[in-house]
Amino acid sequence: MSLSQLRPLSFAEILDGAFSIYRRHFATLFTTMLIPMLPVALLWAGFGVLAGALSAEEAETVANLFTMAMLPVSMLFNFFGTGALVWEVSQALQGGEVSRGEAYRRALRRFLPLIAATLITGLLFVLGLVFLIVPGILVLLMMFAVMQVVVIEGKGPLEALSRSRDLARGAWGHIALVVIVATIIVSLPGVLTGMLAGGITMFTILRGGNPGDVVRTTLWVTSMTNVLSTLISALTTPFFTAVVTLLYYDRRVRTEALDLEIATEELSALA
Numbered sequence: 069m070s071l072s073q074l075r076p077l078s079f080a081e082i083l084d085g086a087f088s089i090y091r092r093h094f095a096t097l098f099t100t101m102l103i104p105m106l107p108v109a110l111l112w113a114g115f116g117v118l119a120g121a122l123s124a125e126e127a128e129t130v131a132n133l134f135t136m137a138m139l140p141v142s143m144l145f146n147f148f149g150t151g152a153l154v155w156e157v158s159q160a161l162q163g164g165e166v167s168r169g170e171a172y173r174r175a176l177r178r179f180l181p182l183i184a185a186t187l188i189t190g191l192l193f194v195l196g197l198v199f200l201i202v203p204g205i206l207v208l209l210m211m212f213a214v215m216q217v218v219v220i221e222g223k224g225p226l227e228a229l230s231r232s233r234d235l236a237r238g239a240w241g242h243i244a245l246v247v248i249v250a251t252i253i254v255s256l257p258g259v260l261t262g263m264l265a266g267g268i269t270m271f272t273i274l275r276g277g278n279p280g281d282v283v284r285t286t287l288w289v290t291s292m293t294n295v296l297s298t299l300i301s302a303l304t305t306p307f308f309t310a311v312v313t314l315l316y317y318d319r320r321v322r323t324e325a326l327d328l329e330i331a332t333e334e335l336s337a338l339a
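Just so we're aligned: the sequence shown equals residues 69 to 339 in the working numbering.
Take a look at the structure:
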């Protein structure tokens, strides 16, 4: 699918189009997300090794501090990788070259606005949850395309929030269906990994033994689970990004007649 072929897409067509982009550019998309997430995986692996050399009390204290420190680190690397993916998917739709280097450069240029827009969205979501769950969910639906607007259109954080809200207007149900199904699809590997880790942890606890060994083993399993989850995200994030980016272009077709605009430009170029 290319931008010149865009038209209003059904739910199934958006998912199918995302799968098509994912398959066709798998190696580039996967490595684009894997490279920035590798430091996160290595840090978790290092913590797993360190936990085995500490006492139970020390390991628990270090684990709490390390987990708190890793949260913003993981988010920053994730934002950068996802921003690069947005650009690659957009280029794939435009029929251009899907270049990892170009995508990284674009993500780097838009990194600060991307962080600001995402943090504002997160704050609005939390505020929505404070009052009622529904407003928080509506915020997420309205801001579905914030990352796409920042990366593709080059808008600032506040402009991106307003723009995404405008694109979402009148289509909350459609957006919710697409995003929920895509979320379920990409969450399955992580859920299975979590279940496996939970089973191993439970077995370790029930088996008993030295309490210190139980704590260290549990922390090692947790760290390895985070390593695996980080690597899995490099597999699943490209598909989810492709879905939301296609949804973004679909909303532009429906609200701005983007398909007609592109067709007119192509005819003018041929004249």
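C-beta atoms are modelled at their ideal positions from N, C-alpha and C, and glycine is treated no differently.
Measuring straight from C-alpha to C-alpha, what distance separates residue i and residue j?
i: residue 331; j: residue 312; result: For residue 331, the predicted model reports a pLDDT of 47, less than 50, meaning its position is unreliable and no value from the coordinates is stated.
i: residue 130; j: residue 147; result: 26 Å
i: residue 291; j: residue 152; result: 27 Å
i: residue 221; j: residue 208; result: 20 Å
i: residue 184; j: residue 212; result: 15 Å
i: residue 322; j: residue 75; result: 8 Å
i: residue 266; j: residue 320; result: 43 Å
i: residue 158; j: residue 210; result: 20 Å
i: residue 254; j: residue 87; result: 12 Å
i: residue 132; j: residue 192; result: 27 Å
i: residue 197; j: residue 259; result: 24 Å
i: residue 229; j: residue 270; result: 44 Å
i: residue 218; j: residue 231; result: 10 Å
i: residue 302; j: residue 101; result: 5 Å
i: residue 156; j: residue 140; result: 24 Å
i: residue 79; j: residue 125; result: 51 Å
Do you know whose CA, among the options, lies nearest residue i's CA?
i: residue 77; options: 171, 103, 148, 242; result: 242
i: residue 247; options: 138, 136, 314, 95; result: 314
i: residue 99; options: 88, 150, 141; result: 150
i: residue 261; options: 295, 166, 114; result: 295
i: residue 123; options: 287, 302, 310, 318; result: 287
i: residue 189; options: 155, 238, 111, 204; result: 204
i: residue 96; options: 252, 83, 318, 154; result: 154
i: residue 112; options: 142, 215, 170, 156; result: 142
i: residue 343; options: 102, 225, 245; result: In the structure as shown, the chain begins at 69 and stops at 339. Residue 343 is therefore absent and cannot be evaluated.
i: residue 216; options: 257, 126, 308, 114; result: 308
i: residue 318; options: 256, 263, 236; result: 236
Need the endpoints of the alpha helix (DSSP H) that residue i sits in, please.
i: residue 104; result: 94-119
i: residue 169; result: 168-177
i: residue 227; result: 225-236
Write down the C-beta distance between residue i and residue j rounded to the nearest angstrom, noting that I regard them as a contact closer than 8 Å.
i: residue 298; j: residue 109; result: 4 Å
i: residue 306; j: residue 90; result: 6 Å
i: residue 104; j: residue 145; result: 5 Å
i: residue 284; j: residue 137; result: Going by Cβ atoms, the distance from residue 284 to residue 137 rounds to 20 Å, so no, they are not a contact pair.
i: residue 93; j: residue 175; result: 16 Å between Cβ atoms; not a contact.
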